[in-house]
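Peer 1: Questions regarding the structure given below will be posed in turn.
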């Protein structure tokens, strides 16, 4: 937040027609902040119980599930360069 404070202030200074309503902006910002805290807390708790290799595998399978959803749920097939990367 310290490094991106100018962008955050620019977001809150924009009119409601450009982004979201004035009341939704702070709610979304704090929901994002709380989600980040829950993510980091969950990763720390996971690493106390399990191994870092399992965490990496879990994060990588998230990409596989996203591709499966985009192909089967949305009908969008990623280009071949996606699978190479």
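In this note's numbering, the protein residues as written are 45 to 129.
Backbone N, C-alpha and C fix where the C-beta goes; we use that ideal spot for every residue, glycine too.
Fair warning: this is a prediction, and the values are worked out from it, not measured in the lab.
I believe residue 122 touches residue 114 by the beta-carbon criterion, under 8 Å. Please report the beta-carbon distance rounded to the nearest angstrom.
Peer 2: Taking the chain shown and counting its residues from 1, the one referred to as residue 122 is at position 78. Taking the chain shown and counting its residues from 1, the one referred to as residue 114 is at position 70. The pair is a contact, with the Cβ atoms about 7 Å apart (cut-off 8 Å).
Peer 1: What residue range does the alpha helix (DSSP H) around residue 125 cover?
Peer 2: Working through the chain shown from its first residue, we reach residue 125 at position 81. Unbroken alpha helix (DSSP H) run through residue 125: 124-128.
Peer 1: Measure the Cβ-Cβ separation of residue 90 and residue 104 and say whether it is below 7 Å.
Peer 2: Numbered from its first residue, the chain shown carries residue 90 at position 46. Numbered from its first residue, the chain shown carries residue 104 at position 60. Not a contact, by the Cβ cut-off of 7 Å.
Peer 1: Who are the near neighbours of residue 120 in its chain, counting only those whose CB is closer than 6 Å to its CB and skipping five residues on each side?
Peer 2: As a first step, residue 120 must be located in the chain shown, where it is residue number 76. Around residue 120: 114.
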